[in-house]
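One gets our numbering by counting positions in the sequence shown from 1 and adding 2 to each. Just so it is clear, CB atoms sit at the ideal spot from N, CA and C, and this is done for glycine as well. Given the structure is predicted, the values throughout are model-derived calculations rather than measurements. Below: the structure, in structure tokens.
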Amino acid sequence: IPTPGHSAGHQSLKVELPDAGTVILGADVALLRAGYEHELAPAFAWSTAENVRSIRKVKQLARETDADVIIHHDRDEQARIPEGGLA
Numbered sequence: 003i004p005t006p007g008h009s010a011g012h013q014s015l016k017v018e019l020p021d022a023g024t025v026i027l028g029a030d031v032a033l034l035r036a037g038y039e040h041e042l043a044p045a046f047a048w049s050t051a052e053n054v055r056s057i058r059k060v061k062q063l064a065r066e067t068d069a070d071v072i073i074h075h076d077r078d079e080q081a082r083i084p085e086g087g088l089a
């Protein structure tokens, strides 16, 4: 999924898993869950406007596909990934 903002070519990944269902791996679309929820781009983003658009894009896709979104840099989010990964 093209999600520019953090960098010009940033991408997130949507996967369909047999046990976990649809999961969107947000990568750097947001630094923390709070940034994702409140649509906050970091000051160092390549483009804050593009970053916010990308957060909104991921949120819309998550609603449309009933996907779980994982924000990688958030420790609480990392704890949601089972040992051995998602299946």
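Residue range of the unbroken alpha helix (DSSP H) whose run includes residue i
i, result
"glycine 37", "35–39"
"valine 54", "50–67"
"aspartate 78", "77–81"
Selection from the options that minimises the alpha carbon distance to residue i
i, options, result
"histidine 8", "Arg77, Pro44, Glu66", "Pro44"
"histidine 75", "Gly28, Asp68, Lys61", "Gly28"
"serine 14", "Phe46, Ser49, Val71, Ala51", "Val71"
"glutamate 79", "Gly37, Leu63, Lys59, Ala47", "Gly37"
"proline 4", "Ser56, Val25, Arg65", "Ser56"
"threonine 50", "Leu63, Leu33, Gln62, Gly87", "Leu33"
Reduced DSSP category for residue i - H, G, I as helix; E, B as strand; rest coil
i, result
"glutamate 18", "strand"
"aspartate 30", "coil"
"proline 4", "strand"
Span of the beta strand (DSSP E) around residue i
i, result
"glycine 23", "23–27"
"isoleucine 73", "Note, isoleucine 73: premise wrong, no beta strand (DSSP E); not H, not E."
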